[in-house]
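The block underneath contains the structure these notes are about, expressed in structure tokens.
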Amino acid sequence: MTKPTLNFSASSPNQESGATDVLWQPSWLHWLISALSGTVEIEKQTAWLKKHNAELRKYNEELRRSNAELKRKNEEWLRNEQLSLEELRRSNADLKKSNAELERKNMRLAELELKLDAVLPKSNFSLIPPNRTDES
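Going by this note's numbering, the letters in the sequence shown line up with residues 80 to 215, in that order.
Okay, here's the thing in structure tokens:
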């Protein structure tokens, strides 16, 4: 009677061969190199991402500071514009009052002129003195 034998593939170790089996070693080393290469690549990418994230955080912080400064300047400008607008409104109200006063005075002068025209004869008499010449 013969002993049954187990068939293993050429690329995997069999029970009779050791860890240094020539057929098994290249695939195992290939796997290890691939795994380590992948790990190194992942570590490189992770390091790059950490560096890039730090740069983005720094840039983001600069933008926040810039935004805060622009917001402060905008609020200051708006405050100044509101003060200027209020000052212009007060000035406009004062000018309207002054204009109304001048209109009342002009109306009063027009009334007085009408009364003078009615009282004074239409002759050569005038309230405005004649221009003197040097001949007199």
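The beta carbon of each residue, even a glycine, is placed where N, CA and C say it ideally should be.
- Asn171 carries a helical assignment under DSSP once its states are collapsed to helix, strand and coil.
- When rounded, the separation of the alpha-carbon atoms in Glu160 and Glu192 is 47 Å.
- Distance between Ser177 and Leu157, taken at the CA atoms: about 30 Å.
- Just so you know, the alpha carbons of Ile121 and Arg143 end up roughly 32 Å apart.
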